[in-house]
Amino acid sequence: MAEEQHNAQSACNGVSQYDPAFIQRLLAEQERSGKMLIRRDLELTRANERLRELDQLKTDFVSTATHQMRTPLAGIKWGLGMLLNGDFGAMTSDQELYVRKAYASTERMIELLRDMLFAEQVGSGTFPAIETETDIMMLCQNVVREMHPLAYSRQVTVAFVHDKDTYPTVKTSPEYVQAILQNLLENAIKYSHAGGTVTLNIREEKPQLIITVSDTGIGIPADQQKHIFERFFRAENAKKEITDGSGLGLYIAKQLAEKAHGRIQFESIEGKGTIFIITLPLMYTK
Numbered sequence: 009m010a011e012e013q014h015n016a017q018s019a020c021n022g023v024s025q026y027d028p029a030f031i032q033r034l035l036a037e038q039e040r041s042g043k044m045l046i047r048r049d050l051e052l053t054r055a056n057e058r059l060r061e062l063d064q065l066k067t068d069f070v071s072t073a074t075h076q077m078r079t080p081l082a083g084i085k086w087g088l089g090m091l092l093n094g095d096f097g098a099m100t101s102d103q104e105l106y107v108r109k110a111y112a113s114t115e116r117m118i119e120l121l122r123d124m125l126f127a128e129q130v131g132s133g134t135f136p137a138i139e140t141e142t143d144i145m146m147l148c149q150n151v152v153r154e155m156h157p158l159a160y161s162r163q164v165t166v167a168f169v170h171d172k173d174t175y176p177t178v179k180t181s182p183e184y185v186q187a188i189l190q191n192l193l194e195n196a197i198k199y200s201h202a203g204g205t206v207t208l209n210i211r212e213e214k215p216q217l218i219i220t221v222s223d224t225g226i227g228i229p230a231d232q233q234k235h236i237f238e239r240f241f242r243a244e245n246a247k248k249e250i251t252d253g254s255g256l257g258l259y260i261a262k263q264l265a266e267k268a269h270g271r272i273q274f275e276s277i278e279g280k281g282t283i284f285i286i287t288l289p290l291m292y293t294k
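Mapping of the sequence shown onto the working numbering: position 8 corresponds to residue 16, and the numbering continues sequentially without gaps.
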């Protein structure tokens, strides 16, 4: 029985290997398959080129539009500022109220355009930054100092906690790290109620440097946490707390953390607060 099967298989193999018609059909099929693969490859190449062109057009449009809009908005803000300063005479209380509202709205528009341009530059890789040996300790001190006016206006305490005065340096872009911390601290302050506390902490865990930004604010709902780093996303409780916002701050922070050779994570409980953890690789250990 086994011998008969072997002979039958050999006969089939013989036909497959030596039948000219079969070989012709096989070659024709291979040629058609090869042409189809080449055609598909060309189509994918053209599609990728078109996508790159469209992405560049989008980048150019956002950049041009934001620059063009910021200029007249800056002029409007300047004119409203002169009115508020009394350069054109005293205003009634009602006039001043509406001018202040217009001034605040103009500021929000300028901030939104700034965030959109920044996000586009980060996403397209055109944000100007140079990697260098970076003193994170000094950078953190400067950012905390910049946050004091905002914290004061919100009646929020900002604390900088560190267990030593010097830390090993990190090879990264200081602009990246500064932008990350500014976004995280601004969010933490804005979404903390009066009397709340925002803490920036830095510690060394070789071979990494760990920076945390924690707050006692509104927190992030558990069912929305998976979207928190998405572009333009804002949690529902954040929208209720502050109606205006671009939803770009955390998207920018995540993109920059990755470009800085690090990563960003978070833990949050709605109604109790949030902690963001930024991990950066040390340039060398001491």
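Glycine included, every Cβ here is placed at the ideal spot set by N, Cα and C.
On a predicted model such as this, the values are computed, not experimentally measured, just so you know.
Restricting to Cα atoms, I'd like to know which of ALA196, ASN245, ILE228 is closest to THR220. Start at 1 with the first residue of the sequence shown, and residue 220 comes out as number 212. Comparing alpha-carbon positions, the option among ALA196, ASN245, ILE228 lying closest to THR220 turns out to be ALA196.
What does the alpha-carbon distance come out to for the pair ASN56 and LYS179? Start at 1 with the first residue of the sequence shown, and residue 56 comes out as number 48. Start at 1 with the first residue of the sequence shown, and residue 179 comes out as number 171. Their backbone Cα atoms lie some 34 Å apart in a straight line.
For the stretch 182 to 198 and the stretch 147 to 165, state whether three or more C-beta atom pairs, one from each stretch, are separated by less than 8 Å. yes
Can you find at least 3 beta carbon pairs, one from the stretch 92 to 112 and one from the stretch 227 to 237, that sit closer than 8 Å? no
Pair within 8 Å by beta-carbon distance, MET274 and GLY255: One-based indexing of the sequence shown puts residue 274 at position 266. One-based indexing of the sequence shown puts residue 255 at position 247. Position check: residue 274 holds Phe in this sequence, whereas Met was assumed. Annotated as distal: PHE274 and GLY255, with beta-carbon spacing of 8 Å or more.
Starting from the N-terminal side, write out each stretch of the beta strand (DSSP E) that is 3 residues or longer and does not extend beyond the stretch 158 to 214. 165 to 170, 178 to 180, 205 to 213
Beta strand (DSSP E) runs contained entirely in the stretch 119 to 150, provided each spans 3 or more residues: Counting whole runs of 3 or more residues, the stretch 119 to 150 contains the beta strand (DSSP E) stretches 140 to 142.
From the DSSP output, read off the bridge partner residues of SER113. Counted from its first residue, the sequence shown places residue 113 at position 105. Looking at the DSSP assignment, SER113 forms no beta bridge with any residue, so it has no partner.
From the DSSP output, in three-state form, read off ILE272 for me. What you label residue 272 is simply residue 264 of the sequence shown in a count that begins at 1. Looking at ILE272 - three-state DSSP - the assignment turns out to be strand.
How about PHE284: is its Cβ closer than 7 Å to a heavy atom in the ligand FMN? The ligand FMN is not part of this structure, which contains no ligands at all.
When burial is assigned at 16 or more other CB atoms within 10 Å of the CB, is ASP123 buried or exposed? Here residue 123 refers to the residue found at position 115 when the sequence shown is read from its first residue. With 16 or more other Cβ atoms inside 10 Å of its own Cβ, ASP123 counts as buried.
Spatially closest choice to ALA110 from ALA82, PRO182, GLU128, by CA coordinates: On the sequence shown, residue 110 is found 102 positions in, with the first residue counted as 1. Residue ALA82 is the option with its Cα nearest to ALA110.
Inter-residue CB distance, ARG211 and ASP173 (contact presumed, cutoff 8 Å): Translated into the one-based positions of the sequence shown, residue 211 becomes position 203. Translated into the one-based positions of the sequence shown, residue 173 becomes position 165. That pair is no contact at about 13 Å.
Measure from the alpha carbon of ALA345 to the alpha carbon of each residue in HIS269, ALA268, PRO215, GLY281, then state which is nearest. In the structure as shown, the chain begins at 9 and stops at 294. Residue 345 is therefore absent and cannot be evaluated.
Assuming GLY257 is part of the alpha helix (DSSP H), what are its boundary residues? Counting from one through the sequence shown, the residue named residue 257 turns up at place 249. Per DSSP, GLY257 belongs to the alpha helix (DSSP H) from 257 to 267.
Measure the beta-carbon distance from GLN187 to ILE260 and round it to whole angstroms, keeping in mind my assumption that it falls under 8 Å. As a first step, residue 187 must be located in the sequence shown, where it is residue number 179. As a first step, residue 260 must be located in the sequence shown, where it is residue number 252. The question names Gln, but residue 187 in the sequence shown is Ala. Rounded to whole angstroms, the Cβ separation of ALA187 and ILE260 is 7 Å, and the two are in contact under 8 Å.
Taking only the alpha-carbon atoms, compute the straight-line gap between THR177 and LYS43 and give it to the nearest angstrom. Residue mapping note: residue 177 aligns to position 169 of the sequence shown, counting from 1. Residue mapping note: residue 43 aligns to position 35 of the sequence shown, counting from 1. Taking the straight line from one Cα to the other gives about 55 Å.
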